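What follows is one structure encoded as structure tokens, with my remarks underneath.
Number of protein chains: 2
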Amino acid sequence: MENFEFVSPTHFVFGRGAEEQVGAKLAERGAAKVLLHFGGQSAVKSGLVDRVKASLDAQGVQHVELGGVRPNPEITLVREGVALCKQHGIDWVLAVGGGSVIDSAKAIAVGAHYDGDVWDFFETKRQTDDVLPIAVVLTIPAAGSEASKNTVVSNDALQMKSGYPNNAQRPKLAFMNPELTFTLPPYQTAAGLTDMFCHLLERFFDDVGAVPVTDNLCLSLMRTVRAEAPRVLAEPDNYDARANVMWAGMLCHQGLAGVGRHEDWATHGLEHELSALYPEITHGAGLAVMFPAWMEHVRGENPGRFAFYGREVFGLAPTGDADADALSAIDETRAFFASLGMPTTLAELGVGEDDIEKMIPTLKANKGEPFGSFKKLSMDDAREIYRLAL
Amino acid sequence: MENFEFVSPTHFVFGRGAEEQVGAKLAERGAAKVLLHFGGQSAVKSGLVDRVKASLDAQGVQHVELGGVRPNPEITLVREGVALCKQHGIDWVLAVGGGSVIDSAKAIAVGAHYDGDVWDFFETKRQTDDVLPIAVVLTIPAAGSEASKNTVVSNDALQMKSGYPNNAQRPKLAFMNPELTFTLPPYQTAAGLTDMFCHLLERFFDDVGAVPVTDNLCLSLMRTVRAEAPRVLAEPDNYDARANVMWAGMLCHQGLAGVGRHEDWATHGLEHELSALYPEITHGAGLAVMFPAWMEHVRGENPGRFAFYGREVFGLAPTGDADADALSAIDETRAFFASLGMPTTLAELGVGEDDIEKMIPTLKANKGEPFGSFKKLSMDDAREIYRLAL
Numbered sequence: 230m231e232n233f234e235f236v237s238p239t240h241f242v243f244g245r246g247a248e249e250q251v252g253a254k255l256a257e258r259g260a261a262k263v264l265l266h267f268g269g270q271s272a273v274k275s276g277l278v279d280r281v282k283a284s285l286d287a288q289g290v291q292h293v294e295l296g297g298v299r300p301n302p303e304i305t306l307v308r309e310g311v312a313l314c315k316q317h318g319i320d321w322v323l324a325v326g327g328g329s330v331i332d333s334a335k336a337i338a339v340g341a342h343y344d345g346d347v348w349d350f351f352e353t354k355r356q357t358d359d360v361l362p363i364a365v366v367l368t369i370p371a372a373g374s375e376a377s378k379n380t381v382v383s384n385d386a387l388q389m390k391s392g393y394p395n396n397a398q399r400p401k402l403a404f405m406n407p408e409l410t411f412t413l414p415p416y417q418t419a420a421g422l423t424d425m426f427c428h429l430l431e432r433f434f435d436d437v438g439a440v441p442v443t444d445n446l447c448l449s450l451m452r453t454v455r456a457e458a459p460r461v462l463a464e465p466d467n468y469d470a471r472a473n474v475m476w477a478g479m480l481c482h483q484g485l486a487g488v489g490r491h492e493d494w495a496t497h498g499l500e501h502e503l504s505a506l507y508p509e510i511t512h513g514a515g516l517a518v519m520f521p522a523w524m525e526h527v528r529g530e531n532p533g534r535f536a537f538y539g540r541e542v543f544g545l546a547p548t549g550d551a552d553a554d555a556l557s558a559i560d561e562t563r564a565f566f567a568s569l570g571m572p573t574t575l576a577e578l579g580v581g582e583d584d585i586e587k588m589i590p591t592l593k594a595n596k597g598e599p600f601g602s603f604k605k606l607s608m609d610d611a612r613e614i615y616r617l618a619l
Numbered sequence: 230m231e232n233f234e235f236v237s238p239t240h241f242v243f244g245r246g247a248e249e250q251v252g253a254k255l256a257e258r259g260a261a262k263v264l265l266h267f268g269g270q271s272a273v274k275s276g277l278v279d280r281v282k283a284s285l286d287a288q289g290v291q292h293v294e295l296g297g298v299r300p301n302p303e304i305t306l307v308r309e310g311v312a313l314c315k316q317h318g319i320d321w322v323l324a325v326g327g328g329s330v331i332d333s334a335k336a337i338a339v340g341a342h343y344d345g346d347v348w349d350f351f352e353t354k355r356q357t358d359d360v361l362p363i364a365v366v367l368t369i370p371a372a373g374s375e376a377s378k379n380t381v382v383s384n385d386a387l388q389m390k391s392g393y394p395n396n397a398q399r400p401k402l403a404f405m406n407p408e409l410t411f412t413l414p415p416y417q418t419a420a421g422l423t424d425m426f427c428h429l430l431e432r433f434f435d436d437v438g439a440v441p442v443t444d445n446l447c448l449s450l451m452r453t454v455r456a457e458a459p460r461v462l463a464e465p466d467n468y469d470a471r472a473n474v475m476w477a478g479m480l481c482h483q484g485l486a487g488v489g490r491h492e493d494w495a496t497h498g499l500e501h502e503l504s505a506l507y508p509e510i511t512h513g514a515g516l517a518v519m520f521p522a523w524m525e526h527v528r529g530e531n532p533g534r535f536a537f538y539g540r541e542v543f544g545l546a547p548t549g550d551a552d553a554d555a556l557s558a559i560d561e562t563r564a565f566f567a568s569l570g571m572p573t574t575l576a577e578l579g580v581g582e583d584d585i586e587k588m589i590p591t592l593k594a595n596k597g598e599p600f601g602s603f604k605k606l607s608m609d610d611a612r613e614i615y616r617l618a619l
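See the structure below:
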């Protein structure tokens with residue numbers, strides 16, 4: 230087991246009616262003026278934003294609104310949010326939405342006390358502990374941003390999508406009511422399940438040997454997501470299924486499922502280029518296509534690890550041929566994503582062979598350096614993985 | 230899944246040399262004068278206390294010492310600690326040791342800003358958020374106190390042992406170096422493993438139905454403890470085995486393994502009376518005796534839950550007879566504890582039938598009310614469980 234540091238300070242309020250406590254919990258923590266950040270229509274139309282505002286009003290917590298976060302949130306709106314924070318003396322950022330809204334809120338919280346351009350943090354030029362505290366009302370279980378240390382933001386002008394990790398931007402409060410997810414469309418539910426599962430795959434496959442305590446926890450979450458996925462798709466208003474998925478989504482990316490390991494994250498890098506080029510691609514759908522292709526390309530580094538995964542998650546009996554076992558595990562992974570209604574090829578996402586060379590120059594802010602951990606990938610490896618995914 | 234709130238703000242520094250960072254991490258957080266709290270000889274003799282002091286000195290963090298915490302820590306020393314905090318203007322409490330030292334440190338931190346007697350908190354007369362921040366250098370993986378919200382303290386004058394839960398006393402910093410546990414005697418290692426496993430049992434068996442995400446996580450930890458136990462006993466200086474056990478011990482009691490459930494905790498209540506009466510009884514050894522007896526007595530409430538546990542943790546094939554499956558799972562549990570060298574009867578702990586009536590009056594601060602969740606236990610149930618354990 231590798232040395233590590235880990236902290237997850239988020240206070241979770243989980244269950245029916247959780248969002249009704251927003252005002253009281255923020256007031257308890259001394260919040261005076263909140264930036265209320267949300268996305269498109271659904272949170273407004275459903276009445277959720279109004280309920281949250283009523284909860285703030287009831288406690289005398291002032292609020293300034295900034296809606297309009299799109300999927301794959303963009304730096305322009307983040308800059309607007311930062312300006313609002315400075316103009317109004319905002320002391321908390323409250324995100325109402327899914328991963329995109331929360332990621333946007335994190336970026337705003339990071340930029341609020343910074344004099345330069347907030348994009349600097351996404352170019353790894355800057356680090357800071359001076360981050361506004363963040364609260365979250367989660368509406369889409371997927372990205373795990375409600376507790377994670379990460380934010381990912383797109384910069385359309387640069388055709389880039391870049392991540393920024395910082396423990397200081399882990400939300401301080403997360404309100405998680407599974408009932409709010411009953412009305413999620415099946416495709417979004419499925420993309421969320423895929424995203425969660427891939428957060429575990431990124432942690433499970435790396436160049437560190439077995440770390441039983443972490444691996445067992447990681448595998449238990451994979452089994453949970455796999456078992457709850459068909460249940461939640463068949464019965465969208467099954468409270469317990471939605472609750473299991475919502476809590477699992479947080480655990481998949483909070484960090485515990487990877488402690489003591491190096492983790493990999495190459496596939497997220499490969500996928501980010503897809504949705505930087507075509508912002509309409511849902512992150513989970515991109516991952517569903519890219520992960521099996523990555524697996525096929527890298528499996529030779531440690532086929533036994535794939536066989537172990539296949540046995541523990543899909544119940545595959547070992548055949549004595551580790552590569553055959555690895556291929557079976559990869560087939561099961563692809564079939565699992567397909568069973569959720571996810572695409573299995575780049576063609577289904579409207580991405581063609583000609584697009585590959587457009588993605589290479591910005592890949593991992595391409596400095597020509599290899600990336601990933603399970604196998605160190607060169608830019609030629611990346612090209613080959615994109616080709617396998619066509 | 231039941232509604233819940235959960236927070237675990239501990240910042241973990243895990244791995245080789247972790248304790249060398251004590252001074253720097255405390256100084257970063259503004260600690261000026263620390264109460265350095267520890268137990269008997271081993272932490273001093275091994276040089277650990279001196280190394281921690283050197284780390285504090287190097288950062289200019291002042292410290293006042295209070296050693297001498299015994300197993301099943303006692304309120305008298307806690308009161309001394311509280312007095313020292315008041316006298317010296319202590320701003321952090323630093324525990325170097327295992328669960329007893331950490332529990333004593335928590336009680337001191339709770340009492341430091343309270344004008345009355347700190348025992349008031351253990352009689353549930355008082356609640357407070359005004360708790361000194363706590364840091365921990367863990368030397369015994371067992372109680373999980375390095376991250377838990379609980380402390381348990383004995384009061385010899387009252388022949389009582391009482392717990393106090395409070396999120397505000399969760400340690401802010403935990404330094405966990407598995408190498409520090411290489412020299413633990415086998416009996417203490419085994420009692421620690423038993424304690425961890427029982428923290429999971431208390432959460433897994435209650436009156437709530439399946440909570441798959443929590444149950445899978447809980448079962449994954451049971452499997453981890455069961456698999457690492459023989460490894461760590463056979464190879465006491467196997468770093469990876471010790472590391473897996475140390476991290477698992479934290480996870481077993483931090484709370485995640487029980488969220489969304491009511492949990493039970495009747496067996497801990499039954500055991501606390503044993504070690505209140507005979508303070509030389511190691512908590513884990515008491516649990517090893519009491520848990521199978523509790524299981525036998527209550528299994529009829531939901532034998533299917535026991536069968537599920539037996540299948541998932543011990544690989545027992547279902548026979549079609551749920552009660553037979555439950556009994557097999559209980560036998561495996563007893564055999565697991567025995568394989569670690571733990572006692573299986575109260576007789577082995579020097580407790581006889583005559584002692585039973587001595588324990589009933591203080592059991593759960595006996596108000597005649599039923600306790601536990603899987604089955605609500607009357608005082609007659611408690612008598613019967615003690616008898617089954619003889």
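Top to bottom, those sequences are chains G and L. Quick note on numbering: the first sequence equals residues 230 to 619 in this note's numbering. Quick note on numbering: the second sequence equals residues 230 to 619 in this note's numbering. All residues carry an ideal CB built from backbone N, CA and C; glycine is no exception. This one's a predicted model, so the numbers in the text were calculated from it and none came from an experiment.
**Prompt:** Mind checking whether alanine 334/G and isoleucine 363/G have CB atoms under 7 angstroms apart?
**Reply:** As a position in the first sequence, residue 334/G is number 105, starting the count at 1. As a position in the first sequence, residue 363/G is number 134, starting the count at 1. In this structure, isoleucine 363/G lies closer than 7 angstroms to alanine 334/G by Cβ.
Checklist entry - In whole angstroms, what is the alpha-carbon distance linking leucine 446/L and alanine 456/L? => result Here the question's residue 446/L lines up with position 217 in the second sequence. Here the question's residue 456/L lines up with position 227 in the second sequence. Answer to the nearest angstrom: the Cα atoms are 15 angstroms apart.
task = Could you name the residues of chain G that proline 238/L contacts, counting a contact when the two beta carbons are closer than 7 angstroms?
result = Taking the first residue of the second sequence as 1, we reach residue 238/L at position 9. Neighbours of proline 238/L on chain G, chain order: Pro238.
For this session: Can you grab the Cα-Cα spacing for the pair aspartate 621/L / asparagine 531/L, in whole Å?
Result: It is not possible to answer for residue 621/L, since the shown part of chain L is limited to 230 through 619.
*Excluding the 5 residues preceding and the 5 following asparagine 406/G in the sequence, name in chain order all residues of the same chain whose CB lies nearer than 7 angstroms to its CB.*
Within the first sequence, residue 406/G is the residue found at index 177, counting from 1. Excluding positions up to five away in sequence, the list reads Gly244, Arg245, Gly246, Ala247 and Glu248.
*Quick one: give me the first and last residue of the beta strand (DSSP E) that glycine 297/L is part of.*
Against the second sequence, residue 297/L aligns to sequence position 68. Careful: glycine 297/L lies outside any beta strand (DSSP E) and carries neither H nor E.
Which residues, in chain order, does the stretch 457-475 of chain L contribute to contact with chain G at a C-beta distance below 7 angstroms?
Glu457, Asp469, Ala472 and Asn473
Below-7 angstroms beta-carbon distance, asparagine 379/G vs any chain L residue:
By one-based count along the first sequence, residue 379/G stands at place 150. Cβ-Cβ to chain L under 7 angstroms: no for asparagine 379/G.
Residue-chain proximity (alanine 477/L, chain G), Cβ-Cβ < 7 angstroms:
In the second sequence, the residue the question calls residue 477/L occupies position 248. It does: the Cβ of alanine 477/L has a partner Cβ on chain G nearer than 7 angstroms.
- Query: What's the gap between the Cα of alanine 256/L and the Cα of valine 322/G?
  - Reply: Stepping through the second sequence from its first residue, residue 256/L is reached at position 27. Stepping through the first sequence from its first residue, residue 322/G is reached at position 93. One C-alpha to the other measures close to 29 angstroms.
Output yes if chain G places a C-beta closer than 7 angstroms to the C-beta of arginine 540/L; else output no.
Mapped onto the second sequence, residue 540/L falls at position 311. Closer than 7 angstroms: no.
In chain order, what residues of the same chain have a beta carbon less than 8 angstroms from the beta carbon of glycine 345/G, not counting five sequence neighbours either side? Translated into positions along the first sequence, residue 345/G becomes position 116. Answer for glycine 345/G: Arg355, listed in chain order.
Check: Closer than 7 angstroms, Cβ to any Cβ of chain L: which residues of the stretch 241-264 of chain G, in chain order?
Finding: Phe241, Val242, Phe243, Gly244 and Arg245
Near-chain L residues of the stretch 398-417 of chain G - C-beta to any C-beta below 7 angstroms:
none
Quiz prompt | Any C-beta of chain G under 7 angstroms from that of arginine 452/L | solution = Here residue 452/L corresponds to residue number 223 of the second sequence, with the count starting at 1. So yes, arginine 452/L belongs to the interface.
Cross-strand partners of asparagine 406/L (DSSP beta bridge):
Residue 406/L sits at position 177 when you count from the first residue of the second sequence. Partner(s): none; asparagine 406/L has no beta bridge.
Item to complete: Mind reading off the beta-carbon distance from leucine 430/L to isoleucine 614/L? Whole number of angstroms is fine, and I expect it under 8 angstroms.
Response: Looking up residue 430/L in the second sequence gives position 201. Looking up residue 614/L in the second sequence gives position 385. Between isoleucine 614/L and leucine 430/L the Cβ distance is about 14 angstroms, and since that is not below 8 angstroms, they are no contact.
message = Cβ closer than 9 angstroms: which chain L residues qualify as neighbours of methionine 230/G?
response = Taking the first residue of the first sequence as position 1, residue 230/G is located at position 1. Chain L residues near methionine 230/G: Phe243, Gly244, Pro407, Tyr468, Asp469, Ala472, Asn473 and Trp476.
>> Give me the DSSP bridge partner(s) of glutamine 291/L.
In response: Here the question's residue 291/L lines up with position 62 in the second sequence. Lys262/L.
Burial state of glutamate 598/L, where buried means 16 or more other Cβ atoms lie within 10 Å:
Position 369 of the second sequence holds residue 598/L. It counts as exposed.
**Request:** Please state if the CB of glycine 269/L and the CB of alanine 420/L are separated by a distance shorter than 7 angstroms.
**Result:** Numbered from 1 along the second sequence, position 191 holds the residue referred to as residue 420/L. Numbered from 1 along the second sequence, position 40 holds the residue referred to as residue 269/L. No, Cβ-Cβ distance for alanine 420/L and glycine 269/L is not below 7 angstroms.
TODO: Can you pull the chain L residues whose beta carbon is under 7 angstroms from the beta carbon of phenylalanine 233/G, in chain order?
DONE: Taking the first residue of the first sequence as 1, we reach residue 233/G at position 4. Near phenylalanine 233/G (Cβ distances below 7 angstroms), the residues of chain L are Phe243 and Gly244.
Q) Using DSSP with H/G/I as helix, E/B as strand and the rest coil, what is serine 377/G? A) As a working note, residue 377/G is residue 148 in the first sequence. Coil.
**Asked** serine 374/L and aspartate 435/L: beta carbons closer than 7 angstroms?
**Response** Walking along the second sequence from the start, residue 374/L turns up at place 145. Walking along the second sequence from the start, residue 435/L turns up at place 206. No, the pair does not count as a contact, with Cβ atoms beyond the cut-off.
What did DSSP end up calling asparagine 473/L once you bin it into helix, strand or coil?
-> Counting from 1 along the second sequence, the entry for residue 473/L is found at position 244. In this structure, asparagine 473/L counts as helix in the three-state DSSP scheme.
Legend entry - Cβ-based burial, proline 441/G [other Cβ within 10 Å; buried from 16]: Here the question's residue 441/G lines up with position 212 in the first sequence. It counts as buried.
Original post:
Is there at least one Cβ from chain L nearer than 7 angstroms to asparagine 395/G's Cβ?
Top reply: Position 166 of the first sequence, counted from the start, is the residue given in the question as residue 395/G. It does not: the Cβ of asparagine 395/G has no partner Cβ on chain L nearer than 7 angstroms.
Requested in this report: Kindly give me the distance between the Cβ atoms of threonine 239/G and lysine 401/G, rounded to whole angstroms, as I take these residues to be in contact under 8 angstroms.
Outcome: For the purposes of this step, residue 239/G is taken as the residue at position 10 of the first sequence. For the purposes of this step, residue 401/G is taken as the residue at position 172 of the first sequence. Yes, they are in contact, since the Cβ atoms of threonine 239/G and lysine 401/G sit about 7 angstroms apart, within 8 angstroms.
Measuring CA to CA, which of Pro414/L, Arg432/L, Tyr468/L and Val365/L is closest to phenylalanine 404/L? As a first step, residue 404/L is located in the second sequence; it is residue number 175 there, counting from the start. Checked all of Pro414/L, Arg432/L, Tyr468/L and Val365/L; the closest Cα to phenylalanine 404/L is Val365/L.
Along the stretch 510-537 of chain G, where does the CB come closer than 9 angstroms to a CB of chain L? Name the residues. none
inquiry  = I need the boundaries of the alpha helix (DSSP H) containing serine 271/L, first residue and last residue.
reply    = As a position in the second sequence, residue 271/L is number 42, starting the count at 1. Start and end: 271-274.
Nonlocal neighbours in the same chain, by C-beta distance under 8 angstroms from valine 293/G, ignoring five residues either side: To locate residue 293/G, count along the first sequence from 1; it is residue 64. Closer than 8 angstroms at Cβ, skipping near neighbours: Lys262, Val263, Leu264, Leu265, Leu313, His317 and Ile319.
Roughly how far, in whole angstroms, is the beta-carbon of methionine 588/L from the beta-carbon of glutamate 525/L, given that I think they are within contact range, below 8 angstroms?
Position 359 of the second sequence holds residue 588/L. Position 296 of the second sequence holds residue 525/L. No, methionine 588/L and glutamate 525/L are not in contact; Cβ-Cβ is about 19 angstroms, not under 8 angstroms.
task = Would you mind stating whether leucine 387/L and leucine 569/L have Cβ atoms separated by less than 7 angstroms?
result = Within the second sequence, numbered from 1, the residue matching residue 387/L stands at position 158. Within the second sequence, numbered from 1, the residue matching residue 569/L stands at position 340. Cβ distance not < 7 angstroms, so leucine 387/L and leucine 569/L don't count as in contact.
- Task: Can you pull the chain G residues whose beta carbon is under 7 angstroms from the beta carbon of proline 441/L, in chain order?
- Result: The count along the second sequence starts at 1 and reaches residue 441/L at position 212. Within chain G, the residues near proline 441/L are Thr453, Ala456, Glu457 and Asn473.
So asparagine 445/L contacts chain G; which residues on that side make the cut at Cβ distance below 8 angstroms?
Stepping through the second sequence from its first residue, residue 445/L is reached at position 216. Here the neighbours are Ser449, Leu450, Arg452 and Thr453.
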